[in-house]
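Heads up: the sequence shown begins at -6 in my numbering, then just goes up one per residue. Report on the following structure.
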Amino acid sequence: MRRVSKAQIQNARQIGVLDYFRICKPHELIKVSAHDYRTRTHSSLVISDNGLFHWYRAGVGGNNAIDYLLKVENMDFVSAVRLLNELQPVRASFQPVPHPMNTPSIQKSFEPPVPDRSSETIQAYLYRRGISGKVFRFCRNAGTVYQTTRGGYKNCVFLGLDSQGTPRSAFTRSCQGTWRGDIAGSQKKYGFLIPADDEDCSTVAIFEAPIDAMSGASLTQYQREKPWRSQFYLAMGGLNHQSVDYFLENHPQIRTINLCLDNDAPGRNFAKQLLESLSTRGYIVIDSPPSIGKDYNEQLIYQKQHLNSSPIR
């Protein structure tokens, strides 16, 4: 099969799933709320105007038309890229437009999802994932974890705040499937943070995902060797050094860094990079991958199931 060029791939990735439907399948769209659509073919497929889609029945989602064609239509990658590049009206809308050199680039504004009045669904979901009730309640009361509803489905939202406590990023995860993604306009340098009880604390544990940070905090509470808020817990939101740099800039008292990244190739490679770069900056860096499973949530679930632990509440 003939290959596609990098330019074609880049052009195709800029086409949103909602744009694709409006041009190719407008008859499929059914507006169900101010921001969400369903489709006539797949009633559990929700497309949001923030660029995300989630097919709840299959537990898949994404943030562009390529993701949709691959995950829902089962199209191969090359065919999907070719199809999207054949959409002349869409391609034209992404052609470079001359503009003055001094014109600032326009960044999509960030708007965190609107919280539900209730948190019952995410509470049950996080308890199923082994999260301590004490850890959950702390994050809920701090406003960094809450429940939201889009298209009739419940999602768990994890907020990243700046140093003034203003939300700057949001990561959402479905309570009914495996879909997850960042809210449009999120700035990755603002990670999900569970603060230490002592603001002068000199230790931080760094994780990839928010649920892993909550799992690390829950394990600390469960093991009862020290108070669970005896250190900071920072989730980068993936493999993202920006959030680490921002945290360290705003917490100059930090001396010890525990790298609690995943037990897979990307996590191990990134941990090695962080260990080298942070060590040269004078930090005491400890590589602390989970002792069981791929990530700290798997370790938490295993320990609760196999070590005769009483439920954490």
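The beta-carbon is built from N, C-alpha and C at its ideal position, and this holds for glycine as well.
For this session: Would you tell me roughly how many angstroms separate the C-alpha atoms of G123 and V53, rounded to the nearest one?
Result: One-based indexing of the sequence shown puts residue 123 at position 130. One-based indexing of the sequence shown puts residue 53 at position 60. Their backbone Cα atoms lie some 23 Å apart in a straight line.
For this session: Decide yes or no for the touch test of the stretch 189 to 199 against the stretch 210 to 230: beta carbon pairs closer than 8 Å, at least 3 of them.
Result: yes
For this session: Would you kindly report the start and end of the unbroken alpha helix (DSSP H) that includes N134?
Result: Along the sequence shown, read from residue 1 onward, the residue named residue 134 stands at position 141. First-last of the alpha helix (DSSP H) with N134: G126 to A135.
Exercise. Does the pairing of the stretch 184 to 198 with the stretch 144 to 162 give three or more beta-carbon distances under 8 Å?
Worked result: yes
Exercise. By how many angstroms is the C-alpha of S211 removed from the C-alpha of Y61?
Worked result: Position 68 of the sequence shown, counted from the start, is the residue given in the question as residue 61. Position 218 of the sequence shown, counted from the start, is the residue given in the question as residue 211. Using only the alpha carbons, I get a separation of about 36 Å.
Exercise. Which term fits I23, buried or exposed, when burial requires 16 or more other beta carbons within 10 angstroms of its beta carbon?
Worked result: Along the sequence shown, one-based indexing puts residue 23 at 30. That one is exposed.
For this session: For D29, name the three-state secondary structure that DSSP assigns.
Result: For the purposes of this step, residue 29 is taken as the residue at position 36 of the sequence shown. In this structure, D29 counts as strand in the three-state DSSP scheme.
Exercise. To which residues does DSSP link F225 through a beta bridge?
Worked result: Translated into the one-based positions of the sequence shown, residue 225 becomes position 232. In DSSP, F225 forms a bridge with V197.
For this session: Kindly indicate which three-state DSSP category S37 falls into: helix, strand or coil?
Result: Within the sequence shown, residue 37 is the residue found at index 44, counting from 1. Here S37 sits in coil by DSSP.
For this session: Identify whether Y239 lies in helix, strand or coil by the three-state DSSP scheme.
Result: Residue numbering aside, residue 239 sits at position 246 when the sequence shown is read from its first letter. Helix at Y239.
Exercise. Looking at the structure shown, is F103 part of a helix, part of a strand, or coil, going by DSSP?
Worked result: Translated into positions along the sequence shown, residue 103 becomes position 110. Looking at F103 - three-state DSSP - the assignment turns out to be coil, as it is neither helix nor strand.
Problem set entry | Contacting residues, own chain, Cβ-Cβ under 8 Å from A264 (five flanking each side not counted) | By 1-based counting over the sequence shown, the position of residue 264 is 271. Excluding positions up to five away in sequence, the list reads L252, L254, D280 and P282.
For this session: Report the residue from N148, Y146, S208 and T159 whose alpha carbon sits nearest the alpha carbon of A135.
Result: Stepping through the sequence shown from its first residue, residue 135 is reached at position 142. If we check each option's Cα against that of A135, T159 comes out closest.
For this session: Classify P106 as buried or exposed, calling it buried when 16 or more other Cβ atoms lie within 10 Å of its own Cβ.
Result: Translated into the one-based positions of the sequence shown, residue 106 becomes position 113. Label assigned to P106: buried.
For this session: Tell me where the alpha helix (DSSP H) around C149 begins and ends.
Result: Taking the sequence shown and counting its residues from 1, the one referred to as residue 149 is at position 156. Here C149 belongs to no alpha helix (DSSP H); instead the beta strand (DSSP E) covers Y146 to L154.
For this session: Quick one: measure Cβ to Cβ for Y49 and Y118, integer angstroms, because I've assumed they're closer than 8 Å.
Result: Your numbering for residue 49 matches position 56 in the sequence shown. Your numbering for residue 118 matches position 125 in the sequence shown. So it is not a contact: roughly 14 Å between Cβ atoms.
Exercise. What does Y295 pair with, by DSSP beta-bridge criteria?
Worked result: Within the sequence shown, residue 295 is the residue found at index 302, counting from 1. Bridge partners of Y295: none, in fact.
Exercise. Roughly how many whole angstroms lie between the Cα atoms of R31 and H244?
Worked result: In the sequence shown, counting from the first residue as 1, residue 31 sits at position 38. In the sequence shown, counting from the first residue as 1, residue 244 sits at position 251. So the two alpha carbons sit approximately 45 Å from each other.
For this session: If I'm right that N262 touches K287 with Cβ under 8 Å, what's the distance once you round it to whole angstroms?
Result: Mapped onto the sequence shown, residue 262 falls at position 269. Mapped onto the sequence shown, residue 287 falls at position 294. Not quite, the Cβ-Cβ distance comes to about 15 Å (not below 8 Å), so this is no contact.
For this session: Measure the beta-carbon distance from Y139 to V128 and round it to whole angstroms, keeping in mind my assumption that it falls under 8 Å.
Result: By 1-based counting over the sequence shown, the position of residue 139 is 146. By 1-based counting over the sequence shown, the position of residue 128 is 135. With 8 Å as the limit, Y139 and V128 do not qualify as a contact, their Cβ atoms being about 15 Å apart.
Problem set entry | Per DSSP, cross-strand counterpart(s) of T142 | Indexing the sequence shown from 1 puts residue 142 at position 149. DSSP lists K147 as partners of T142.
Exercise. Does DSSP classify D280 as helix, strand or coil?
Worked result: Numbered from its first residue, the sequence shown carries residue 280 at position 287. Looking at D280 - three-state DSSP - the assignment turns out to be strand.
Exercise. What is the DSSP secondary structure of P259, reduced to helix, strand or coil?
Worked result: The residue labelled residue 259 in the question sits at position 266 within the sequence shown. P259: helix per DSSP, three-state reduction.
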